[in-house]
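Numbered per UniProt numbering, the sequence shown finishes at 667, counting up by one with no gaps. Just so it is clear, CB atoms sit at the ideal spot from N, CA and C, and this is done for glycine as well. Beneath this line is the structure, given in structure tokens, with notes to follow.
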Amino acid sequence: MCVRAVGDGRRRWLLTLLWAVMCLALVASRLRAVRAAAGADGDDDDVDVSDYFGAGDEAGGTDAVPVHPSLGDDDNNKEEAEPTAKIDPAARGGDYSVQVPVSEGDRLRVLLAETFQDDSGAVFSRWMRSSVDKYTGEWAVGGGEDAALAGDKGLLVTRKAQNYGIARAVESGPLRAGKLVLQYEVKHEETHTCGGAYLKLLTEPFGKGGAGLDKLEGATPYSIMFGPDKCGETNKVHFIFQSRNPKTGKLVEHHLQKAPTMPVLDRNTHLYTLVVDLDEGTFQVLIDQEARRNGSLRTDFQPPVEPPKEIDDPKDKKPADWVDTKMIADPAAKKPDDWDEDAPREIPDPQAVKPAGWLDDEPAKVPDPEAIKPAAWDDAEDGEWTPPLVANPKCADAPGCGEWKPPMIRNPAYKGKWKAPMITNPAYKGEWKPRRIANPEHYTVAHVELLPVTAVGAELWTMDQGILFDNVLLLSGEQAPAAAASFAQTTWARKAAVEKERAQRADEKKKKKAATGERSGGMQQAVLRAAKRALAQLERAAEAADHVLARIGLQTPLHRLVSFMQQQPLIAVALVPPVLVSLFLVCMGGIGGGGGNAAAAKRRGARKAARAKKTDERVPDATTAAAAAAEEEDEGDEVSGEAEARHEDSTGGSVRKRTARAQKSDE
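Here it is, written out as structure tokens:
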């Protein structure tokens, strides 16, 4: 069909070709500009897709990502901050309320009960955000991506790879006796990859009377640090408390040994509870209201609360002549004369016999006779093509093919490299240890106490966003554990039930989808087999076409174009549809043009028949015959038919035709 369009559609083909070249030139120009820009930045290989097609305001697309408010005008050329976590300020707009614990004298003191249910202005009037330079992370109040309980809000970490600091003043007073409970909820809405989600119970002088809360940083003294932390191989729920050395005045961190791990990494809300009994000197860590670790404040921490009485002398050094090598090679031992170090570990089995029918002259693998050289294979660039190897069909009924070799067995004469036997070192003095001296920092701890709490804060660094803190409790007194458990039943337990139901529905949906996929698996396999056969036929056709392209000199340019399209698939996707549409329109135009040519040819045939009849009626001379032949040849060259002739000027047209005929008559 397209061939028919060549005659009368030359101009149409030319316009289409020019249009395609302009499109390719435009894309190539854009590609060169992007590559040049990337090269100027020193990153030739990593070009963003948006560089090819524009993004943001230039493309008339979505709004640009907002720049972090901590960046000034001078930072406009810096990389933009990543998008914030999903925040629903109204938490799905429900009417949510919860009853917090109330103090009951010494039996229960509510030091802090924060549910974050107020508007953000009220929350941040109680919680002071750190103004230290590196704490650029933004906090927000809201329900996160999809609150389990409509209307339930929390405190959100909004951006990745930021330092966060925030604190609220409390007053615990001395913590020498009784029970202390810290409990709060954490939800990682975008999974947990690397970062902490722990809280710190800060101590004086920081935060006393609310002073200095905006100066929170990593070096701020604290009484207790508690909560989950994960990054790389680290996965634990910290419990660290600080004590002050009465002799030096320094703060000492005591880390819980064998700390429990975080729950399975999911997007559900988890409850972390720490119960400290100062009367008994014990502690208990609960996760989702299940006990995960308990022990002694005195013995389960490193370093221990009470420093050791003796320590190694830091000035003592091991003598230069001290020998601590216990065993040495026997210097008097000699290698036996019959010891062969060169004997191999394995040898061919001397008793093995080649099986009957073994085909020594047949290789186990032969070139695949049905393999076809790929159409895109370029011997100059890819090397000489060789068909893949397949199992030799002649070996199917034989015990084996190729050169037969006996199996290998262990060499009974093998002894390996000779080594002298080890003996006790006569100069051995034992393992050297520094002498022990009295610890100048030793002190006796009759009763473990905690530093007073003056603020509750979160000071952390994280690579995650969408971390939601909620329902923070700090209680003291005999009834503190029971009050915390009761509060969890009205808050966390309700969330957990909703999240569990959501997970079950999601699992059922996955199972149903998997079952549907299994039922359609048979049909999919049949379609894939048919597609494979069709691709094989196309490969053979492409092979023949490739040879034709090679003969006319288009093989290499076309292969390069295909390689470019494979490397830049988005460009191919953008160009192929308009090119195909244009070719289709040209071909359809060719069909129409062909019809017009056929009609014109029919009319020309009628005129020729009439002239032939007149010629038969008279005897033409040589000049008349030549003129008639010239006229027929001239009319045979017409491509527009009589319609074009009717639009010519009658006089001018006659002159032009007679001139052409006269020239051909002379020839």
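Query, Result
"At the level of alpha carbons, what is the spacing between residue 420 and residue 334?", "7 Å"
"Smallest Cα separation from residue 113: which of 100, 119, 124?", "100"
"Thinking just about the alpha-carbon of each residue, which of 84, 185, 207, 140 is nearest to the one in residue 490?", "185"
"Distance check for residue 501 and residue 510, CA to CA, integer angstroms please.", "14 Å"
"From the DSSP output, in three-state form, read off residue 116 for me.", "coil"
"Mind reading off the beta-carbon distance from residue 238 to residue 198? Whole number of angstroms is fine, and I expect it under 8 Å.", "6 Å"
"Measure from the alpha carbon of residue 223 to the alpha carbon of each residue in 209, 232, 202, then state which is nearest.", "202"
"Take every Cβ of the stretch 230–245, pair it with every Cβ of the stretch 153–166, and state whether three or more of those distances are shorter than 8 Å.", "no"
"Look at the alpha carbon of residue 233 and the alpha carbon of residue 296, and state the distance between them as a whole number of angstroms.", "26 Å"
"In whole angstroms, what is the alpha-carbon distance linking residue 315 and residue 432?", "14 Å"
"In or out: residue 179 buried (at least 16 other Cβ within 10 Å) or exposed?", "buried"
"When the Cα of residue 138 is compared with those of 204, 103, 87, 221, which residue comes out closest?", "87"
"Verify whether the separation of the beta carbon atoms of residue 141 and residue 120 is less than 8 Å.", "yes"
"For residue 534, verify whether its CB is less than 7 Å away from any heavy atom of the ligand COA.", "Absent from the structure shown: the ligand COA. Ligands present: none."
"Using CA coordinates, which residue listed in 169, 320, 189 is at the minimum distance from residue 210?", "169"
"So, with DSSP's three-state summary, where would you put residue 459?", "strand"
"Where do the N-terminal and C-terminal ends of the beta strand (DSSP E) with residue 167 fall, by residue?", "162–169"
"Under the rule that 16 or more other beta-carbon atoms within 10 Å means buried, what is residue 256, buried or exposed?", "buried"
"Does residue 533 come out as helix, strand or coil in the three-state DSSP assignment?", "helix"
"Would residue 414 and residue 343 qualify as a contact pair, given that the criterion is a beta-carbon distance under 8 Å?", "yes"
"Helix or strand or just coil, what does DSSP make of residue 507?", "helix"
"So, is residue 486 buried or exposed, given that buried needs 16 or more other C-beta atoms within 10 angstroms?", "exposed"
"Should residue 227 go down as buried or exposed, given a rule of 16 or more other Cβ atoms within 10 Å for buried?", "buried"
"At the level of alpha carbons, what is the spacing between residue 329 and residue 322?", "19 Å"
"What are the boundary residues of the alpha helix (DSSP H) that includes residue 368?", "Residue 368 -> no alpha helix (DSSP H), and no H or E assigned at all."
"Starting from residue 242, trace the beta strand (DSSP E) both ways and give me its first and last residue.", "234–244"
"Say whether chain D places a C-beta atom closer than 8 Å to the C-beta of residue 339.", "The structure shown contains no chain D, having only a single protein chain."
"Could you give the C-beta distance for residue 93 and residue 151, rounded to a whole number, given that I count them as a contact under 8 Å?", "7 Å"
"Tell me whether residue 183 is buried or exposed, calling it buried when 16 or more other Cβ atoms sit within 10 Å of its Cβ.", "buried"
"Use the C-beta contact count for residue 677: other C-beta atoms within 10 angstroms, 16 or more gives buried, fewer gives exposed.", "This structure cannot speak to residue 677, because the chain is shown only from 1 to 667."
"Enumerate in chain order the residues of its own chain whose CB-to-CB distance from residue 229 is below 7 Å, with the five nearest sequence positions on each side excluded.", "196, 198, 236, 238"
"Just to confirm, is the Cβ distance from residue 307 to residue 443 under 8 Å?", "yes"
"From the DSSP output, which residues share a beta bridge with residue 269?", "187"
"Below 7 Å CB to CB, which residues in the same chain sit around residue 102 once its five sequence neighbours on both sides are set aside?", "110"
"Output yes or no for whether 8 Å exceeds the beta carbon distance between residue 450 and residue 278.", "yes"
"Give the single residue among 190, 123, 117, 365 whose Cα lies nearest to the Cα of residue 462.", "190"
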